[in-house]
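Top line first, the protein sequences correspond to chains A and B. Just so you know, we're using our numbering here: the first sequence kicks off at 1 and counts up by one. Just so you know, we're using our numbering here: the second sequence kicks off at 444 and counts up by one.
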Amino acid sequence: MQNQAEIKRLKNVVQQLLDEAGRQGATAAEAAFSIDNGLSATARLGEVETVEYHCDQGIGVTVYFGQKKGSASTNDISEDSLKETVKAACSIARYASEDEYAGLPDPEELATEFPDLDLYHPWEIDAEQAIDLAIECENAARHHHPAISNSEGATISSHRGARVFGNSLGFLHGNLSSRHSLSCSVLAGSGDAMQRDYWYSVSRNAASLESAQQVGEKAAQRTLARLDARSLSTRQCPVLFAAEMATGLIGSMVGAISGGNLYRKASFLLDALDTQIFPEFVRIHEQPLLAGALGSSSYDAEGVATRNRDIVSNGILRSYVLSTYSARKLGMQTTGNAGGVHNLTVESGSRDLESMLKLLDTGLLVTELMGQGVNRVTGDYSRGASGFWVENGVIQYPVQEITIAGNLKTMLRNIVEIGNDADLRGNIRVGSILLEQMAIAGE
Amino acid sequence: MPLLEQVKHAILAPSDLQIRNIDSIIATLLSTPVDVADVYFQSSHFESWSLEGGIIKEGTHSIERGAGVRVVSGDKTGFAYSDRIELPILLEAAKNVKAIVRHGQNAQTRIETAGSRPQLYPSANPLKSLADQQKIDLLKRIDSETRKLDSRVEEVMISLVAAYDNILVANQDGSLAADVRPLVRLNVSVILVEDGRREQGSMGGGARHDYSYFMEGDRALDYGREAVRQAQVNLQAEDAPAGNMTVVLGPGWPGILLHEAIGHGLEGDFNRKGTSAFSGRIGERVGSELCTVVDDGTLPGRRGSLSMDDEGTPCENTVLIEKGILKAYMQDKLNARLMNAKLTGNGRRESYAHLPMPRMTNTYMLPGESDPEEIIRSVKKGLYAQNFGGGQVDITSGKFVFSASEAYLIENGKITRPVKGATLIGNGPDVLTRVSMVGNNMQLDSGVGTCGKDGQSVPVGVGQPTLKIDGLTVGGTSV
Chain A
1 MQNQAEIKRL KNVVQQLLDE AGRQGATAAE AAFSIDNGLS ATARLGEVET VEYHCDQGIG
61 VTVYFGQKKG SASTNDISED SLKETVKAAC SIARYASEDE YAGLPDPEEL ATEFPDLDLY
121 HPWEIDAEQA IDLAIECENA ARHHHPAISN SEGATISSHR GARVFGNSLG FLHGNLSSRH
181 SLSCSVLAGS GDAMQRDYWY SVSRNAASLE SAQQVGEKAA QRTLARLDAR SLSTRQCPVL
241 FAAEMATGLI GSMVGAISGG NLYRKASFLL DALDTQIFPE FVRIHEQPLL AGALGSSSYD
301 AEGVATRNRD IVSNGILRSY VLSTYSARKL GMQTTGNAGG VHNLTVESGS RDLESMLKLL
361 DTGLLVTELM GQGVNRVTGD YSRGASGFWV ENGVIQYPVQ EITIAGNLKT MLRNIVEIGN
421 DADLRGNIRV GSILLEQMAI AGE
Chain B
444 MPLLEQVKHA ILAPSDLQIR NIDSIIATLL STPVDVADVY FQSSHFESWS LEGGIIKEGT
504 HSIERGAGVR VVSGDKTGFA YSDRIELPIL LEAAKNVKAI VRHGQNAQTR IETAGSRPQL
564 YPSANPLKSL ADQQKIDLLK RIDSETRKLD SRVEEVMISL VAAYDNILVA NQDGSLAADV
624 RPLVRLNVSV ILVEDGRREQ GSMGGGARHD YSYFMEGDRA LDYGREAVRQ AQVNLQAEDA
684 PAGNMTVVLG PGWPGILLHE AIGHGLEGDF NRKGTSAFSG RIGERVGSEL CTVVDDGTLP
744 GRRGSLSMDD EGTPCENTVL IEKGILKAYM QDKLNARLMN AKLTGNGRRE SYAHLPMPRM
804 TNTYMLPGES DPEEIIRSVK KGLYAQNFGG GQVDITSGKF VFSASEAYLI ENGKITRPVK
864 GATLIGNGPD VLTRVSMVGN NMQLDSGVGT CGKDGQSVPV GVGQPTLKID GLTVGGTSV
């Protein structure tokens with residue numbers, strides 16, 4: 001795409017939507033236009049399996065008639081369609097109730113500085129090259145060990161996109177971004193003993209992806225490690241969440257301190273502000289302006305400026321995660337989190353995974369969780385798990401078909417240590433987390 | 444207006460695209476020999492309304508159109524899509540995706556095309572079945588009636604959504620298959636508070652119908668009653684036990700066990716690739732004699748039903764497991780061809796922007812002969828699970844998990860205390876072998892299921908009679 005020309009084209013459309021909303025009587029409006037182009041190729045058993053060309057675009061508009069709100073969206077950007085979409089949003093707003101908290105952010109909250117966050121690194125890769133790379137990745141996995149018996153394939157995917165957001169307070173800004181990934185999933189064993197695992201690498205810059213060889217080998221190693229898994233007897237024991245599982249644990253905490261769940265009183269952390277929810281050594285902060293990171297943005301989904309801030313320090317909850325609406329409902333200020341958190345970072349201790357296993361001593365290392373057994377209202381937690389049984393800091397054998405259970409309130413308070421092996425592939429950056437004790441149910 | 448004409452009018456007319464234009468796209472795809480070639484046109488209309496804190500908080504409206512172009516050669520697929528239904532763009536897409544064929548074999552087998560099929564649902568736009576003011580009034584009435592049920596009700600959240608899809612599938616043999624799909628859904632969830640303890644309850648339902656579905660009987664208000672009842676039960680619930688025990692599953696929605704533990708493992712793609720725990724097991728025993736499981740897309744008006752799948756194949760009632768013996772997998776065109784199996788009408792896709800794959804429709808177990816009360820009476824100590832949240836399965840190892848949102852202890856043949864936080868975990872290929880009693884009370888769910896696979900969501904149905912499973916692991920906190 002012609003970068004600046006493309007942003008300009010998108011800005012024109014967003015401005016048209018805002019103008020049209022005004023013409024149709026809206027007292028305020030916000031609109032967004034995003035486009036995404038991508039290519040993905042999957043190889044399986046040494047040959048290409050699928051090639052997909054992605055091409056998406058969409059506009060969305062929200063209008064306010066005083067305190068009444070309506071939204072509409074479409075992927076058809078013809079002039080008639082833009083008018084119809086605004087009309088649909090206006091029609092909904094007329095039927096919506098007056099809501100004293102509804103509306104655009106306060107003008108002084110809007111972002112005014114737009115540093116280059118290094119988010120756009122288009123990858124000039126064509127279908128042939130993508131296929132070759134996918135084959136290389138999958139071959140690395142399949143040839144890693146004779147016990148690798150089958151494959152679900154390796155996939156390369158490359159996306160680039162542009163998004164413009166504007167509102168009737170005069171905010172109008174656009175940015176370009178890219179996202180590339182390489183993933184691989186293979187099987188080992190046969191019949192009832194068959195196991196599968198995967199690995200992936202994702203980055204805004206293709207040059208920072210793990211190599212095809214590395215991704216394939218890691219997928220193979222993870223699969224092999226699961227062979228001959230057993231269940232455990234029902235017991236209580238310490239549990240170490242591998243980094244990629246720890247992100248989910250912190251994610252549940254973020255859900256519970258998110259404005260929408262707080263004002264609905266659907267959270268196990270109601271009224272927890274300024275109280276101890278973690279042990280004293282825990283610090284969690286947001287770093288929205290990290291160069292090149294997956295969750296970086298200088299403004300949130302409403303145009304509100306994001307900023308570096310502490311959410312938890314000394315184990316005490318210092319701030320919620322709020323949008324303009326949820327903040328107003330709670331009588332607070334927005335924290336620039338409409339649409340979610342940006343590079344939420346949990347500070348770690350000095351231990352790597354090996355040293356975390358030593359600290360665990362005897363207990364369960366969890367590497368996969370299944371099912372939705374997390375109750376955000378009560379904090380009750382009970383999920384299917386697989387991983388490894390560890391004794392004296394050494395992995396003994398793989399484990400499957402068990403559940404781990406507890407209550408998130410106690411689980412967070414009972415964190416013993418956080419490893420320095422952070423998983424940087426998502427919006428929550430945290431290392432492995434050791435919990436004092438959880439209930440295991442098995443055979 | 445005949446269905447095909449209606450769909451042509453909805454999709455092709457706004458783009459000024461003619462049938463002969465579609466033929467030229469197909470011709471481009473077929474210029475090299477391929478096994479499957481199709482163009483999938485879709486026009487979707489969607490709305491949602493939500494009530495919270497006693498007010499109509501927001502609504503959204505969306506219109507999307509687009510087309511997906513696909514070729515399959517052997518096990519290789521090329522795919523491109525566009526939200527602009529314009530001839531030059533679709534021809535360009537066709538040229539791009541055809542490049543995949545160079546890598547493939549040049550086998551050529553014609554797939555049989557869809558014959559005539561019954562329409563399983565009305566073809567009118569459900570968004571227009573009520574005036575906007577009536578939709579608002581319905582939500583407000585559910586809110587006020589639900590709040591009257593219990594003074595401990597603190598919050599009521601209601602959502603009402605409708606979708607209307609026009610689908611046109613142009614196949615390689617020149618045939619056109621059309622479908623018009625309405626879908627409505629209503630959900631009520633409540634939070635009750637007592638002495639500082641907060642518990643949630645929720646209930647919803649829906650169908651391939653219009654909004655009048657919720658006015659039948661007292662259906663809409665019943666959802667509110669049921670949500671409150673569940674929250675009331677949860678307020679009394681104690682910690683769930685942990686360990687291996689006899690589990691009785693209630694009728695209806697707990698059929699999600701079949702969907703997760705069995706159904707996914709019987710989808711053709713996993714079995715063709717040999718990655719499912721059920722691979723190569725047709726003809727083998729995978730359940731007790733009491734278990735017969737079907738995938739039935741032909742039930743009129745059900746959420747998981749389709750007059751045709753997304754490849755234009757009529758949906759069927761497929762027996763997956765008969766008296767415990769594995770009979771068939773669910774297929775789409777690509778996998779049926781490669782497995783030399785017959786099409787079952789399970790080729791589904793989330794939208795024009797996604798590739799079709801084998802997916803379930805309505806998956807359920809046929810009724811048995813036991814009186815449900817007799818089943819409970821036969822259990823000395825165990826768990827009765829009446830309602831579930833979500834579930835998940837590892838297709839390869841067969842391990843599944845799902846969470847009970849309403850469960851009770853069974854003690855000496857009687858349902859006694861409610862328990863919370865019970866998660867069930869087991870192994871797909873053997874869970875049905877442990878089914879020792881099947882009730883005579885088959886029920887389908889209320890129409891809320893959405894199934895996710897490879898990032899694609901499609902509406903599905905589940906169902907079952909009361910089932911007794913000897914020995915399932917329950918994950919609770921009470922060790």
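Note that CB positions come from ideal geometry on N, CA and C, so glycine has one too.
Exercise. Output, in sequence order along the chain, the residues in the stretch 677-698 of chain B whose CB is closer than 7 Å to any CB in chain A.
Key: A685, G686, N687
Quiz item: Between B/G833 and B/F845, what straight-line distance do the alpha-carbon atoms span, to the nearest angstrom?
Solution: Rounded to whole angstroms, B/G833 and B/F845 show a C-alpha spacing of 6 Å.
Quiz item: What residues in the stretch 232-252 of chain A bring their beta carbon closer than 8 Å to a beta carbon of chain B?
Solution: T234, R235, Q236
Quiz item: Any idea which residues DSSP pairs B/Y851 with across the strands?
Solution: B/Y827, B/P861
Quiz prompt | Min CB distance B/V450 to chain A below 8 Å | solution = no
Quiz prompt | C-beta neighbour in chain A for B/A621, strict 8 Å | solution = So no, B/A621 is outside the interface.
Quiz item: Hey, does B/K571 have any beta-carbon neighbour from chain A nearer than 8 Å?
Solution: no
Self-check item: Chain-order list of residues whose beta-carbon lies under 6 Å from that of B/M880 (same chain, five-residue window excluded)
Solution: So the qualifying residues of the chain are S813, I818, K911.
Exercise. Tell me the start and end of each unbroken beta strand (DSSP E) in the stretch 715-766 of chain B that is at least 3 residues and wholly inside, in chain order.
Key: Correct list: 736-739, 760-765.
Practice problem: Give the interface partners of B/V633 over in chain A, defined as CB-CB distance under 8 Å, in chain order. | Solution: Under the 8 Å cutoff, chain A gives no residues; its nearest Cβ is about 11 Å from B/V633.
Exercise. Please decide whether A/N375 counts as near chain B, where near means a Cβ-Cβ distance under 8 Å.
Key: yes
Quiz item: Taking Cβ positions only, does A/E401 come closer than 8 Å to chain B?
Solution: yes
Exercise. Closer than 7 Å, Cβ to Cβ, to anything on chain B: give me those residues from the stretch 11-26 of chain A, in chain order.
Key: none
Practice problem: Return the CA-CA distance between B/G790 and B/K823, expressed in angstroms with no decimal places. | Solution: 44 Å
Quiz item: From A/A72 to B/V604, what does the alpha carbon distance come to, in whole angstroms?
Solution: Rounded to whole angstroms, A/A72 and B/V604 show a C-alpha spacing of 14 Å.
Practice problem: Determine the DSSP secondary structure at B/M800, reduced to helix, strand or coil. | Solution: Three-state result, B/M800: strand.
Practice problem: Indicate whether B/M646 and B/A621 have their beta-carbon atoms separated by less than 8 Å. | Solution: no
Exercise. Taking all protein chains shown into account, decide if B/E501 is buried (16 or more other Cβ within 10 angstroms of its Cβ) or exposed.
Key: buried
Quiz item: With a cut-off of 8 Å, does the C-beta of B/D586 fall near any C-beta of chain A?
Solution: no
Exercise. Could you tell me whether the stretch 212-221 of chain A touches the stretch 137-153 of chain A, using the rule of 3 or more Cβ pairs below 8 Å?
Key: As far as the Cβ criterion goes, the stretch 212-221 of chain A touches the stretch 137-153 of chain A, which means the pair count is three or higher.
Quiz item: A/T403 by DSSP, collapsed to three states: which one?
Solution: DSSP, read as helix, strand or coil, puts A/T403 in strand.
Quiz prompt | Residues of its chain near B/T761, where Cβ-Cβ distance is below 6 Å and the 5 sequence neighbours each way are ignored | solution = D738, A771, T787
Quiz prompt | Whole-angstrom distance between A/M370 and B/F522, CA atom to CA atom | solution = Cα to Cα, B/F522 sits roughly 31 Å from A/M370.
Self-check item: A/E436 versus A/A266, A/L408, A/S319, residue with shortest Cα-Cα distance
Solution: A/L408
Quiz item: Three-state secondary structure (DSSP) at A/V331?
Solution: Val is not the amino acid found at residue 331 of chain A; the sequence shown has Gly there. When secondary structure is reduced to three states using DSSP, A/G331 falls in the coil class, being assigned neither helix nor strand.
Quiz item: Any beta-carbon of chain A closer than 8 Å to the one on B/K776?
Solution: no
Self-check item: Alpha carbon of A/V61 to alpha carbon of B/L867, nearest angstrom
Solution: 43 Å
Practice problem: Give, in chain order, every residue of the stretch 816-834 of chain B whose Cβ lies closer than 8 Å to some Cβ of chain A. | Solution: G832, G833, G834
Practice problem: Note down, in chain order, every chain A residue with its Cβ under 8 Å from the Cβ of B/R651. | Solution: Within chain A, no residue comes near B/R651; the closest Cβ sits about 23 Å away, beyond 8 Å.
Quiz item: For A/N12, does the three-state DSSP call read helix, strand or coil?
Solution: A/N12: helix per DSSP, three-state reduction.
Practice problem: Would you kindly work out how many angstroms separate the C-alpha atoms of B/D575 and B/F657, rounded to a whole number? | Solution: 15 Å
Quiz item: Which term fits B/E732, buried or exposed, when burial requires 16 or more other beta carbons within 10 angstroms of its beta carbon?
Solution: By the 10 Å Cβ count, B/E732 comes out exposed.
Quiz item: A/V282 by DSSP, collapsed to three states: which one?
Solution: coil
Practice problem: Could you name the residues of the same chain whose beta carbon sits closer than 6 Å to that of A/G384, not counting the 5 residues immediately before and after it, in chain order? | Solution: Setting aside the 5 residues that flank it on each side, A/G384 is surrounded in the same chain by M370, G371, T403, each with a C-beta closer than 6 Å to its C-beta; the list follows chain order.
Quiz item: What three-state label does DSSP hand B/W492 in the structure shown?
Solution: strand
Quiz item: In the DSSP assignment, what residue or residues form a beta bridge with A/K68?
Solution: A/F65
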